[in-house]
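Below is one structure; the comments refer to it alone.
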Amino acid sequence: MFLNWATCPRPIIALSPMADMTDSAFCRVVRLVAQHNPEPAQASRRVTEESSHQVIIFREMVSAEAVVRDNEKTLGMTAIHDDERPLVQQLFGSNPNTMAEAARIIEAQHRPEGFDINMGCPVYKIVHNFNGAALMREPKLASEIVRAMKSAITVPLSVKIRSGWSNPRECFEFAHVLEEAGADLITVHGRTKSQGYSGKSDWNLIGELAKTLSIPLLANGDAHTAPLAIDALKTTGAAGVMIARGALGNPWIFSHINDLLAGCAPTPVTNEERVRVIKLHLRYHLEQYGERGVTTFRKHLSWYFRGVPGAKPFKERLHTSCSANEVLQILDEFSPSSLPS
Ligand SMILES: Cc1cc2nc3c(=O)[nH]c(=O)nc-3n(C[C@H](O)[C@H](O)[C@H](O)COP(=O)(O)O)c2cc1C
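With my numbering, letter number 23 in the sequence shown gets 27, and the count goes up by one each step, no holes.
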C-alpha cells in the first residue's frame, strides 16, 4: 500500500496518535468500523466502502532511543496488523541520527506507510529531554531531524506540532522550517504548549497557516464529533482533519464523518452495535496483551460507555471484573440482543 500526502483524496480523515490508546488493537477496530458497515439494513443510507474516505491511522508515539537500543517492548509496539494499513508510525526523540536509525529499523521490520515526528507533546517527561513540543524552540535541530529521517526512509514523513510553545504565532515560522527541510505534511494542534488542553484549538489560525504552506496540513484539536470535524474542515480549509479524543470509545466517528460528507445523516449507534464492537476490541486487545489485557482494557470501557443512558451500573461492575468471561457476561446483560441466536 502506498501513501502520498500530496495526492491522497481530500479531505484527509485521520486518527490522531494517542499514547496507550492507539495501539494495534484499537487501530484495527477503528479501521474495521470505519470501513465496514455492520448493519445491512442501513446499507442504503450509509456510504459504501468505495465512496468513503479512508481513515489514515497514526499510531501512538514510540521512543527512537528505545528502538535503537533494541528494546523488545518498544519494537513490539511498532508491529502492524494488515487490517490497520495505511498506517503512520510516530516517533519521538531529539537526536537526528537516532531518529533516522529508529525509522530505518522500523521500516525494515514492519513497513509502515509513513512516519510522523512528535514535535507537539507538552508532557514534562517528554519536553524536559528536548523532545516533543520542546523542538518548537529548536528550529535548527528540528530541521536536522527531518532531513536525517528523510534520507533514511522511503515513505512520506510528516510532523505534528502545536501552534507554538507560548506564542500561538510561532507555528508560522516553524512550519516553514519543516517544509523547507522536506516534511511532506504537517498536523497542527491549535493550542500552544503552555495552554496544554485549556482554551480552544484555534481553527482560524490553523486555516491562516494552511494558506501559507505548499504541503498539506491537517487540522487538529477539538473536532470531537462528526459535525465538529466537518466544521473544522470548513473553518480551516485544511487538507484534512485529525481526530484524537473524539475517537475514544467512538470508532464510529469516522463513518459518521463519511456519512456527513456524503450528505447522509449519521445513524445513531445502537446498544447492540456498541457491544458488538466492544467485544471485537476486547478480543484484539487480549490477542495483543494476553490475560493482563482485561485490566488495561478498562480505560476503553470507560470511553465506550461515557454518557450512554442506563450504563452506569454496568460500568461499575465492568471496572471490577477480573476475567474476560466476566466482562463478556456483563456486556451481554447490557445488550441481550447482542447474544448469538
Ligand atoms: C491519551 C492521549 C494520548 C496522546 N498521545 C499522543 C501521542 O502519542 N502523540 C501525539 O502527537 N499526540 C498525542 N496526544 C495528543 C492528540 O494526538 C491530539 O493532538 C490532542 O488530543 C488534540 O486533539 P483532540 O482535541 O482531537 O483530542 C495524546 C492525547 C491524548 C488524549
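We treat Cβ as the ideally placed atom computed from N, Cα and C, and that holds for glycine.
Compare the beta carbon distance of residue i and residue j with 8 Å and say whether it is the shorter of the two.
{"i": "L7", "j": "I247", "result": "no"}
{"i": "A230", "j": "H193", "result": "no"}
{"i": "I16", "j": "I61", "result": "no"}
{"i": "A187", "j": "I219", "result": "yes"}
{"i": "D4", "j": "V150", "result": "Residue 4 cannot be examined here, being either before or after the span of the chain that is shown, 5 to 345."}
{"i": "S205", "j": "G225", "result": "yes"}
{"i": "A107", "j": "M153", "result": "yes"}
{"i": "K283", "j": "L213", "result": "no"}
{"i": "A137", "j": "G124", "result": "yes"}
{"i": "V181", "j": "S147", "result": "yes"}
{"i": "S162", "j": "C175", "result": "no"}
{"i": "H323", "j": "G253", "result": "no"}
{"i": "W256", "j": "V273", "result": "yes"}
{"i": "N135", "j": "S98", "result": "yes"}
{"i": "L95", "j": "A70", "result": "no"}
{"i": "D27", "j": "M81", "result": "yes"}
{"i": "I190", "j": "L209", "result": "no"}
{"i": "E88", "j": "V159", "result": "no"}
{"i": "K77", "j": "N122", "result": "no"}
{"i": "T196", "j": "A223", "result": "no"}
{"i": "S341", "j": "E276", "result": "yes"}
{"i": "F258", "j": "V34", "result": "yes"}
{"i": "L217", "j": "A179", "result": "yes"}
{"i": "E117", "j": "P90", "result": "yes"}
{"i": "V398", "j": "V331", "result": "What the structure shows of the chain is the stretch from 5 to 345, and residue 398 is not part of that stretch, so it cannot be assessed."}
{"i": "F30", "j": "H228", "result": "no"}
{"i": "V245", "j": "A236", "result": "yes"}
{"i": "P126", "j": "G203", "result": "no"}
{"i": "N262", "j": "H57", "result": "yes"}
{"i": "F318", "j": "F338", "result": "yes"}
{"i": "A328", "j": "L290", "result": "yes"}
{"i": "T351", "j": "V131", "result": "No statement about residue 351 is possible, as the shown extent of the chain runs from 5 to 345 and does not include it."}
{"i": "P21", "j": "R63", "result": "yes"}
Which two residues bound the contiguous alpha helix (DSSP H) that contains residue i?
{"i": "H289", "result": "275 to 293"}
{"i": "K215", "result": "207 to 216"}
{"i": "Q333", "result": "328 to 338"}
{"i": "F301", "result": "Unbroken run through F301: none, as it is neither H nor E."}
{"i": "E148", "result": "143 to 156"}
{"i": "V312", "result": "Element bounds for V312: n/a, residue is neither H nor E."}
{"i": "P231", "result": "230 to 240"}
{"i": "F176", "result": "174 to 185"}
{"i": "S325", "result": "No alpha helix (DSSP H) contains S325, which DSSP labels as neither H nor E."}
{"i": "V37", "result": "28 to 39"}
{"i": "T78", "result": "76 to 81"}
{"i": "K204", "result": "K204 -> no alpha helix (DSSP H), and no H or E assigned at all."}
{"i": "I130", "result": "128 to 131"}
In the DSSP output, what is residue i paired with across the bridge?
{"i": "K164", "result": "N122, T191"}
{"i": "R14", "result": "Bridge partners of R14: none, in fact."}
{"i": "M246", "result": "A18, N224"}
{"i": "I60", "result": "A18"}
{"i": "T196", "result": "G168"}
{"i": "S67", "result": "F96"}
Going by DSSP, what residue range makes up the beta strand (DSSP E) through residue i?
{"i": "V92", "result": "91 to 96"}
{"i": "M103", "result": "M103 -> not in any beta strand (DSSP E); alpha helix (DSSP H) instead, spanning 100 to 114."}
{"i": "L222", "result": "221 to 224"}
{"i": "S259", "result": "Element bounds for S259: not the beta strand (DSSP E) but the alpha helix (DSSP H), 257 to 265."}
Please determine whether the Cβ atom of residue i lies at a distance below 7 Å from any heavy atom of ligand 3.
{"i": "K319", "result": "Ligands present in the displayed structure are limited to ligand 1, and ligand 3 is not among them."}
ask   = Around ligand 1, which residues pass a check of Cβ closer than 6 Å to any of its heavy atoms?
value = That query returns the following residues: S20, P21, M22, A23, M25, E64, M65, Q94, N122, G124, C125, K164, H193, N224, G225, D226, A227, I247, A248, R249, G250.
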